[in-house]
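Note sheet for the following structure.
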Amino acid sequence: MLRFYIPNMTCGGCANSVTAALRSVDPQARIETDPPSRQVRVESALDESAFLAVLREAGYPDKQ
């Protein structure tokens with residue numbers, strides 16, 4: 001399972017945008033967002049780099 005910390009995901013609307021961006025990479029991925037902790041968990045067979053790229057493009061860069 002991949003985990004991302006997204007500092008600017010602060011609300012449900014942001015979580016929906018993040019989910020849509022991640023689904024554009026892998027429509028079958030299992031995605032769990034948690035806006036209060038600003039974390040996203042993704043279960044997918046695809047490589048993390050694809051998800052990081054689409055998050056950056058959507059304006060939600062991952063911070064380690």
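Just so we're aligned, residue 1 is where the sequence shown starts under UniProt numbering, counting upward by one. Think of the CB as a built atom: it goes at the ideal place given N, C-alpha and C, for glycine as much as any other residue.
Thinking C-alpha only, which one of Arg-41, Pro-27, Thr-33, Arg-23 is nearest Gly-12?
-> Thr-33
Between the Cα of residue 67 and those of Thr-10, Met-9, Arg-23, spot the shortest distance and give me the residue it belongs to.
-> What the structure shows of the chain is the stretch from 1 to 64, and residue 67 is not part of that stretch, so it cannot be assessed.
Please report the residue range of the beta strand (DSSP E) in which Leu-2 lies.
-> 2-5
So what's Arg-41 in DSSP terms, helix, strand or just coil?
-> strand
Could you tell me if Tyr-5 is buried or exposed, where buried requires 16 or more neighbouring beta carbons within 10 angstroms of its beta carbon?
-> exposed
Own chain residues within Cβ distance below 7 Å of Glu-48, not counting five before or after | Leu-2
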